[in-house]
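Everything in the sequence shown is counted per the numbering used here, starting at 230 for the first residue and increasing by one. All C-beta atoms, glycine included, are put in the ideal place defined by N, C-alpha and C. In what follows, a single structure is set out as structure tokens and then discussed.
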Amino acid sequence: MSEKQQYGGDQIQVLEGLEAVRKRPGMYIGTTSSRGLHHLVYEIVDNAVDEALAGFCDTVHVTIHKDNSITVTDNGRGVPVDINHKTGRPAVEVVYTVLHAGGKFGGGGYKVSGGLHGVGASVVNALSENMEVVVKRDGKVHRQTYERGKITSDLTVIGECESDDTGTQVTFLPDKDIFKETLIYDFDVLKNRLREMAFLTKGLKIVLTDERTRSEIEMQIKAEKSGKQDTEDISDVQEAEESSEQETPEETVENSEDKGREEVFHYEGGIKEFVSYLNKSKTPIYEDVIYCEGVKDKVSVEVAFQHNDGYSEITECFANNINTPEGGMHLTGFKNALTKTFNDYAKKNKLLKDNEPALSGEDIREGLAAIISVKIENPQFEGQTKQKLGNAEARGAVDSIVSEQLTYYLEQNPAQARIICEKAVLAQRAREAARKARDLTRRKNVLEGGGLPGKLADCSDKDASKCEIFIVEGDSAGGSAKKARTRTTQAILPLRGKILNVEKARPEKAFENEEIRSMITAFGTGIHDEFDIEKLRYNKIIIMTDADVDGAHIATLLLTFFYRFMPKLIKEGHVFLAQPPLYKIEKNKKVWYAYSDDELNSIIEEIGRDQNNRVQRYKGLGEMDAEQLWETTMDPERRILLRVNIEESSEAEVDITFSTLMGDQVEPRREFIEANAKYAKNLDI
Ligand code: 28F
230 MSEKQQYGGD
240 QIQVLEGLEA
250 VRKRPGMYIG
260 TTSSRGLHHL
270 VYEIVDNAVD
280 EALAGFCDTV
290 HVTIHKDNSI
300 TVTDNGRGVP
310 VDINHKTGRP
320 AVEVVYTVLH
330 AGGKFGGGGY
340 KVSGGLHGVG
350 ASVVNALSEN
360 MEVVVKRDGK
370 VHRQTYERGK
380 ITSDLTVIGE
390 CESDDTGTQV
400 TFLPDKDIFK
410 ETLIYDFDVL
420 KNRLREMAFL
430 TKGLKIVLTD
440 ERTRSEIEMQ
450 IKAEKSGKQD
460 TEDISDVQEA
470 EESSEQETPE
480 ETVENSEDKG
490 REEVFHYEGG
500 IKEFVSYLNK
510 SKTPIYEDVI
520 YCEGVKDKVS
530 VEVAFQHNDG
540 YSEITECFAN
550 NINTPEGGMH
560 LTGFKNALTK
570 TFNDYAKKNK
580 LLKDNEPALS
590 GEDIREGLAA
600 IISVKIENPQ
610 FEGQTKQKLG
620 NAEARGAVDS
630 IVSEQLTYYL
640 EQNPAQARII
650 CEKAVLAQRA
660 REAARKARDL
670 TRRKNVLEGG
680 GLPGKLADCS
690 DKDASKCEIF
700 IVEGDSAGGS
710 AKKARTRTTQ
720 AILPLRGKIL
730 NVEKARPEKA
740 FENEEIRSMI
750 TAFGTGIHDE
760 FDIEKLRYNK
770 IIIMTDADVD
780 GAHIATLLLT
790 FFYRFMPKLI
800 KEGHVFLAQP
810 PLYKIEKNKK
820 VWYAYSDDEL
830 NSIIEEIGRD
840 QNNRVQRYKG
850 LGEMDAEQLW
860 ETTMDPERRI
870 LLRVNIEESS
880 EAEVDITFST
890 LMGDQVEPRR
900 EFIEANAKYA
910 KNLDI
């Protein structure tokens, strides 16, 4: 007891430290939005993963409780509980209350993983309404509790356990005074990150459990949206709902779906399995996932890759388990090694003739799925968003380890080596042919006065920020749209039938496709590396297709084309889906439009169900005349537009989404659609 009162200078520093975290949470976790809320979980999980990397832990449990508090448990050694000599306090207390405690302990670089801000458990504590730590160690169960970073009970032995039963358990409730945007955890966001962590830490089992039912989550979201932040109110609503559900037996079938969720991630193959996951809805062109690993200049390197029969490349890079979407030195080293090694092999084995030009890196990486993971002592994250690895030693390490081991692999596996080289040679020839064709069309354009596609009805205003272009399915709807539009600011580009599926066609085929060529010229931005958003001729690109399955398919084909050829168009929010109505309701010369079945029902409810109601279901845009199209779908004052945004947590997940939707394997697509059907937010891809 007496110890508790004796706060020395260190203790005061502790409180000041955590107070700083509460004052400027953004400095420690980047943001207090939903992203920051999820970041708290990663900080705690990172510590458990460190314990796994140190070789003492093989299972981590993460549980989302009904009140959106989180418990993370591991079966490691347990955070030490003995008195830390410098502070006179138990080590575990220091870990959870002293800022930056995590990194410096243990000697020999104990801290390996760590989020972008890598600041550890005390920050989570400071930003939590309450937190509890339970440590099993030396046959005893120890516990300490905190509120907003302040100790509310000293470390106490609360029970006994087997001496070989060890581990750490942390439970925290994020502070509503800090996370003002949302307090609701998104299972899928945690799922994607924890899956990634499991891939990156071979052998580690991560179990994610959600104790909330779907309807509870929906209710929490509704309550939060209506500004009802008080959690007690939310649980009142839940209880009321739960008891009413029990009284209606006919709902039990539906209720059986309405339960919590659980996902288990456990990959003995580590990043090799990550590569198979990236390729799961594609067709690999050889069986092995090629794998290289080693340590050089204190950089530990792991690389895995496999080619598929597609044309896009997905390479995901990590430094200390942190995704580096902008690449950096480890990526440069990998690309270097790949280009050099394959060119050497191809030449030596006459797969590339002496008079042929060398294979370019792009040729070799066509259809590549790769993971690069390095672990490094002092990672330097550079670039505007700190998502690029700056350590030069990583380049040399990856380059030399991949060069050496890949050379050996190719010599040992001539069949695979030949398959890859032949694919690269094909890519090279196609690229060369396409370049010639493009030069030809460019010249033709110049000769013919060049410029915009014939089918485009352009707008007259030259100020792109005011302009929009409708990509319209079918000539007849295109005709109505041309009549309906505001000529100054609205351009119309009609498309004939289905556009090319760029996911399945050679990239060069795209340039032979008239619809795609028209869009590229109309937008003005160029594609791939040459893409320049400054040249975009329309602020809004609006996809306008029928409200049926075919229309949805065309919209998906267009989105796939945008994502693969000009992803920034989507990322910077320029792409929209028009929402034509599904029904027209007429009564006594008055007209209503309904955009969903629900809306139809509520309109009928409102106007009364009777004989005078005339309900027409629109089968397509073509059934609307120009005036109807204008007032329901095109008029900026009245229409509904859905902005397309990319919600996935990583480039890998977006790639998987598109290849699943548009690739040639039916089974993963069916699974994907079934998995997403219930929760389809129709435009978040
Ligand atoms: C639920 C989240 O945080 N697990 C952790 C350990 C184990 C050790 C440790 C952690 C060493 C000197 C502090 C044990 N025995 N899961 C976790 N497991 N931290 S965090 O040590 C940290 C420092 O004081 C540990 C021997 N060495 C290290």
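- Linking LYS684 to LYS711 through their CA atoms gives a straight-line distance of about 11 Å.
- Checking the 6 Å criterion, the Cβ of VAL301 is within range of a heavy atom belonging to the ligand 28F.
- Counting C-beta atoms within 10 angstroms of its own C-beta, PRO319 has 16 or more neighbours from the protein chains shown and is therefore classed as buried.
- Shown here, HIS267 sits in a helix according to DSSP, grouped into three states.
- Under DSSP, MET863 forms no beta bridge with any residue.
- A direct Cα-to-Cα measurement between GLU440 and ALA686 gives close to 54 Å.
- Look at THR316 here: in three-state DSSP terms it is coil, with no helix or strand label.
- When DSSP states are grouped into helix, strand and coil, VAL327 belongs to the coil group.
- Of all C-beta pairs linking the stretch 600-617 to the stretch 552-562, three or more are shorter than 8 Å, placing the two stretches in contact.
- The Cβ neighbour count for ALA666, taken over all protein chains shown within 10 Å, is under 16; the residue is labelled exposed.
- Going by beta carbons, MET795 and ILE756 fall inside the 7 Å limit.
- Shortest Cα-Cα distance from LYS454 to any of PHE416, LYS409, ALA281 and ASN620 involves LYS409.
- Following the DSSP letters along the chain, one finds LYS819 inside the beta strand (DSSP E) bounded by residues 819-823.
- Three or more Cβ pairs closer than 8 Å define a contact, and the stretch 730-739 meets that threshold against the stretch 778-789.
- Under the DSSP assignment, ASP383 falls in the beta strand (DSSP E) whose first and last residues are 379-389.
- Judged by their CB atoms, PHE547 and TYR496 are not nearer to each other than the 7 Å cut-off.
- Judged by DSSP in its simplified three-state form, TYR847 adopts coil rather than helix or strand.
- Within the stretch 673-709, complete beta strand (DSSP E) segments of at least 3 residues are found at 697-702, given in chain order.
- At a cut-off of 6 Å, the beta-carbon of PRO796 does not count as near the ligand 28F: no heavy atom of the ligand is closer than that.
- Between the beta-carbon of VAL301 and that of ALA277 there is about 6 Å, and that keeps the pair under the 8 Å contact cut.
- Set against 6 Å, the gap from the CB of PRO309 to the closest heavy atom of the ligand 28F is smaller.
- Within the same chain, Cβ atoms closer than 6 Å to the Cβ of ASN572 are found at ALA587 and LEU588, the five residues on either side in sequence being excluded.
- Spanning the alpha carbons of SER705 and GLY456 requires a straight line of approximately 46 Å.
- GLY246 and LYS365 have their C-alpha atoms roughly 28 Å apart.
- In the structure shown, TYR496 falls within a coil segment according to DSSP collapsed to helix, strand and coil.
- Fully contained in the stretch 557-635 are the following alpha helix (DSSP H) runs of length 4 or more, in chain order: 558-577 and 590-593.
- A distance criterion of 6 Å places the beta-carbon of GLY284 beyond contact range of the ligand 28F, judged by its closest non-hydrogen atom.
- Scanning the stretch 724-758 from its first residue to its last, the whole alpha helix (DSSP H) runs of 4-plus residues come out as 736-741 and 743-752.
- Under the three-pair Cβ rule at 8 Å, the stretch 397-404 counts as touching the stretch 352-368.
- Per DSSP, the beta bridge partners of LYS813 are TYR822 and GLN845.
- Using a C-beta cut-off of 8 Å, the stretch 267-281 makes no contact with the stretch 364-383, since fewer than three inter-stretch Cβ pairs fall below that distance.
- Non-local beta-carbon contacts of LEU328 in its own chain, meaning distances under 6 Å to residues more than five positions away in sequence, involve GLY246 and SER351 in chain order.
- Bridge partners of CYS521 according to DSSP: VAL532.
- Put simply, of GLY837, GLN373, GLU595 and LEU412 the residue whose alpha carbon is nearest the alpha carbon of GLU737 is GLU595.
- Around the beta-carbon of SER694, fewer than 16 other beta-carbon atoms lie within 10 Å, marking it exposed.
- For ALA662, the Cβ stays outside the 6 Å cut-off from all heavy atoms of the ligand 28F.
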